[in-house]
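Following: one structure in structure tokens, then a few remarks.
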Amino acid sequence: MGSDRLLHIYLNDHFAAAVAGRELAARCRSSNRGGDLGTFLLRFEAEVVEDRATLQAIMERVGARRDPVKQGLAWVVEKIARLKLNGRITGYSDLSRLEEIEGLCLGVEGKLSLWRSLGSVARMDARLSEFPFDRLERRATAQREALEAFRLEATARAFGA
């Protein structure tokens, strides 16, 4: 297929984002143990790992090699994001929770776009026909809806809204 190079770049960009997303999910989960959010994040993190494995299988199917530079940069960016001000010199604040959940929301939106785009490509590229893009899209939609409820709760906690 003539656009394989572009597809490989696209997949690598999303794989790098998945690396950062996994790190963010783990950090958010470790700061929110117990309760509904912590329980959700435990399952969510496992699903993120599954989605990343699916993306890796897709990359292998189309011959895309993982770009270690992009992966490394994504990991570093996620770590640097921890240094941002959150109203406290050290520790975790209600604003930290809100911004982490918003980051997860953005990541899931990107993943939802990925599955939709690949589902469209699969109609033209038989190499992708075995992947369950409809199911992956439904799961990402459910994740986004759940995260939105937690985001609204975190907003109320952070700002007393």
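One rule links them: number in this note's numbering = place in the sequence shown (from 1) + 6. Every residue, glycine too, gets a C-beta built ideally from N, C-alpha and C.
Is L124 near I64, with beta carbons less than 8 angstroms apart? It is a contact, given that the beta carbons lie within the stated cut-off.
V54 and G27: beta carbons closer than 8 angstroms? Yes. Within cutoff.
Where R150 sits in the DSSP three-state scheme: Helix, per DSSP.
Among R163, T161, L153, A164, the one whose alpha carbon lies nearest that of R49: Of the residues R163, T161, L153, A164, the one whose Cα lies closest to the Cα of R49 is L153.
Under the rule that 16 or more other beta-carbon atoms within 10 Å means buried, what is M7, buried or exposed? Note on M7: pLDDT 48, under 50, position unreliable in the model; the coordinate value appears next. Classification of M7: exposed, given that the 10 Å Cβ count is below 16.
So L124 is in the alpha helix (DSSP H); what residue range does that whole segment cover? Looking at the DSSP string, the run of the alpha helix (DSSP H) that includes L124 is 100 to 128.
Would you please state the rounded distance, in angstroms, between the beta carbons of E136 and C34? I believe it to be under 8 angstroms. Contact doesn't hold; Cβ gap of about 32 angstroms is too wide.
Report the option in L142, A162, V127 whose CA atom is closest to the CA atom of V68. If we check each option's Cα against that of V68, V127 comes out closest.
In whole angstroms, what is the alpha-carbon distance linking L17 and K117? In this structure, the CA atom of L17 is about 11 angstroms from the CA atom of K117.
Quick one: what's got a C-beta closer than 6 angstroms to R150's C-beta in the same chain, skipping five residues either side? V114.
Would a C-beta distance cut-off of 8 angstroms place L104 and A164 closer than the cut-off? At the C-beta level, L104 and A164 come within 8 angstroms of one another.
In three-state DSSP terms, what is M7? Confidence at M7 is low in this model, with a pLDDT of 48, below 50, so its placement is unreliable and the value that follows should be read with caution. Reduced to three states, the DSSP call for M7 is coil.
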